[in-house]
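Down below is the structure, laid out as structure tokens.
Numbering (the working numbering), first residue to last: 49 to 430.
Spelled out as structure tokens, the structure:
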């Protein structure tokens with residue numbers, strides 16, 4: 049039995065289309081409109097070569113913002129906002145991985161008339177300002193599996209000068225419609241498949257060991273773990289195909305739905321300085337401490353971990369649950385990949401003070417007073 053709060057709510061306003069080929073449904077929503085499409089240069093090319101998406105370009109008045117960079121920077125985003133300022137769009141379309149989707153979210157909010165005299169930093173710092181905003185309808189098409197950004201009210205922004213992760217969050221950030229079409233991930237490179245897949249798995253896990261969890265989020269997150277633990281190792285080993293791509297797309301979506309309510313927790317909080325200082329891909333940085341954080345949270349077991357263990361391993365044995373996370377990280381060489389970026393344990397421990405992110409670390413189910421044991425255990429893992 050799981051003991052959770054007796055009263056809870058769940059809200060997510062994003063309309064969903066899911067499945068191979070579902071992206072062709074986008075043409076029913078966008079016709080004869082002024083559209084801003086946000087993508088990378090590679091995504092721009094992929095979009096215009098796609099038989100289902102090309103009609104969007106042919107049948108609408110399109111402006112491209114195709115300079116998206118991985119881990120979008122505060123100053124770069126402000127430049128694009130200034131460049132596009134004064135232009136009016138009927139809709140904004142985000143096409144790509146998490147960075148493209150987050151960039152589109154930020155630009156869509158910042159281009160509202162009410163934000164004309166406000167900097168992006170101000171919008172991030174004073175999120176209550178969003179309550180009265182009416183941004184253009186945002187349509188999201190993820191091409192990775194993934195961040196789940198298509199269904200969350202958050203957008204990650206990096207202040208690279210100060211090596212800080214920021215977040216634009218609030219009701220104006222939600223997309224209107226998301227199209228989760230796994231066919232767009234079939235050609236995703238191995239490194240991106242592993243990193244984004246680990247992000248999805250970690251988001252699901254962090255939604256489980258979370259003070260904000262409820263029956264709906266636990267169901268989404270547990271299903272996401274089942275799919276991710278099955279599909280990602282097969283894709284990483286070269287044995288996976290369309291079925292596994294479909295499973296990872298669903299896992300990413302479900303994890304995104306879960307964290308749209310709970311947000312993430314300690315692994316993500318620890319990960320931000322790892323990415324900021326050592327350029328470790330986000331999913332790897334999150335997964336690095338996942339087994340150790342799981343062990344730490346077991347001290348707050350209220351029945352939820354036994355249920356997850358049963359779903360993943362066929363037994364309620366908690367040691368078996370921890371072992372399954374250890375095996376996943378070992379099979380994907382998470383620790384060795386991270387150690388390629390961090391010169392020493394001392395360099396890792398030196399960042400402890402930056403690893404407690406308000407709104408993330410304090411979501412963690414078990415109280416965290418000292419990160420050192422978690423970091424040392426993660427460093428020593430296989």
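Here a beta-carbon is modelled for each residue, glycine too, at the ideal position from N, C-alpha and C.
Would you tell me roughly how many angstroms separate the C-alpha atoms of residue i and residue j, rounded to the nearest one?
i: residue 406; j: residue 311; result: 11 Å
i: residue 253; j: residue 127; result: 36 Å
i: residue 300; j: residue 65; result: 14 Å
i: residue 176; j: residue 222; result: 15 Å
i: residue 426; j: residue 388; result: 14 Å
i: residue 191; j: residue 86; result: 13 Å
i: residue 60; j: residue 138; result: 22 Å
i: residue 259; j: residue 89; result: 40 Å
i: residue 288; j: residue 328; result: 25 Å
i: residue 100; j: residue 106; result: 11 Å
i: residue 143; j: residue 189; result: 5 Å
i: residue 179; j: residue 140; result: 19 Å
i: residue 321; j: residue 165; result: 31 Å
i: residue 160; j: residue 168; result: 12 Å
i: residue 155; j: residue 129; result: 6 Å
i: residue 336; j: residue 57; result: 31 Å
i: residue 377; j: residue 356; result: 18 Å
i: residue 304; j: residue 215; result: 16 Å
i: residue 195; j: residue 206; result: 16 Å
i: residue 73; j: residue 198; result: 16 Å
i: residue 333; j: residue 235; result: 23 Å
i: residue 108; j: residue 228; result: 22 Å
i: residue 62; j: residue 78; result: 17 Å
i: residue 173; j: residue 286; result: 44 Å
i: residue 266; j: residue 131; result: 42 Å
Given residue i, which residues of its chain have a CB within under 7 Å of its CB, disregarding the five upstream and five downstream residues?
i: residue 353; result: 346, 366, 369
i: residue 92; result: 112, 114
i: residue 55; result: none
i: residue 124; result: 117
i: residue 240; result: 192
i: residue 326; result: 389, 390
Within 10 Å of its beta-carbon, does residue i have 16 or more other beta-carbons around it, so buried, or fewer, so exposed?
i: residue 158; result: buried
i: residue 263; result: exposed
i: residue 135; result: exposed
i: residue 373; result: buried
i: residue 428; result: exposed
i: residue 319; result: buried
i: residue 69; result: exposed
i: residue 415; result: exposed
i: residue 391; result: exposed
i: residue 284; result: buried
i: residue 95; result: buried
i: residue 411; result: buried
i: residue 309; result: buried
i: residue 397; result: exposed
i: residue 213; result: buried
i: residue 97; result: exposed
Assuming residue i and residue j are in contact, meaning their beta carbons sit under 8 Å apart, how far apart are those beta carbons, in whole angstroms?
i: residue 331; j: residue 238; result: Residue 331 to residue 238, Cβ: 13 Å. No contact.
i: residue 274; j: residue 360; result: 6 Å
i: residue 422; j: residue 344; result: 6 Å
i: residue 220; j: residue 183; result: 5 Å
i: residue 363; j: residue 297; result: Residue 363 to residue 297, Cβ: 28 Å. No contact.
i: residue 408; j: residue 316; result: 5 Å
i: residue 226; j: residue 150; result: Not confirmed; about 14 Å, so no contact.
i: residue 224; j: residue 324; result: Wrong, their Cβ atoms sit about 32 Å apart, outside the cutoff.
i: residue 348; j: residue 413; result: 5 Å
i: residue 133; j: residue 281; result: No, residue 133 and residue 281 are not in contact; Cβ-Cβ is about 46 Å, not under 8 Å.
i: residue 242; j: residue 276; result: Not really, about 11 Å apart at Cβ, beyond 8 Å.
i: residue 302; j: residue 268; result: 4 Å
i: residue 383; j: residue 430; result: 6 Å
Would you give the residue range spanned by the beta strand (DSSP E) that residue i belongs to?
i: residue 186; result: 186 to 190
i: residue 204; result: 202 to 207
i: residue 351; result: From DSSP, residue 351 is part of no beta strand (DSSP E); its letter is neither H nor E.
i: residue 113; result: 109 to 113
i: residue 212; result: 212 to 217
i: residue 86; result: 82 to 86
i: residue 225; result: 225 to 228
i: residue 144; result: 139 to 144
i: residue 65; result: 63 to 66
Give me, in chain order, the residues of the same chain whose beta-carbon lies closer than 6 Å to that of residue i; leave out the 5 immediate sequence neighbours on both sides.
i: residue 147; result: 116, 118, 120
i: residue 294; result: 230
i: residue 463; result: Residue 463 is absent from the structure shown; the chain starts at 49 and stops at 430.
i: residue 395; result: none
i: residue 307; result: 251, 255
i: residue 270; result: 356, 359
i: residue 162; result: 181
Terminal residues of the continuous alpha helix (DSSP H) containing residue i?
i: residue 317; result: 314 to 326
i: residue 301; result: 290 to 310
i: residue 181; result: Unbroken run through residue 181: none, as it is neither H nor E.
i: residue 127; result: 122 to 132
i: residue 253; result: 238 to 256
Under 8 Å Cβ to Cβ from residue i, same chain only, skipping five residues before and after it: list those, please.
i: residue 217; result: 175, 201, 202, 203
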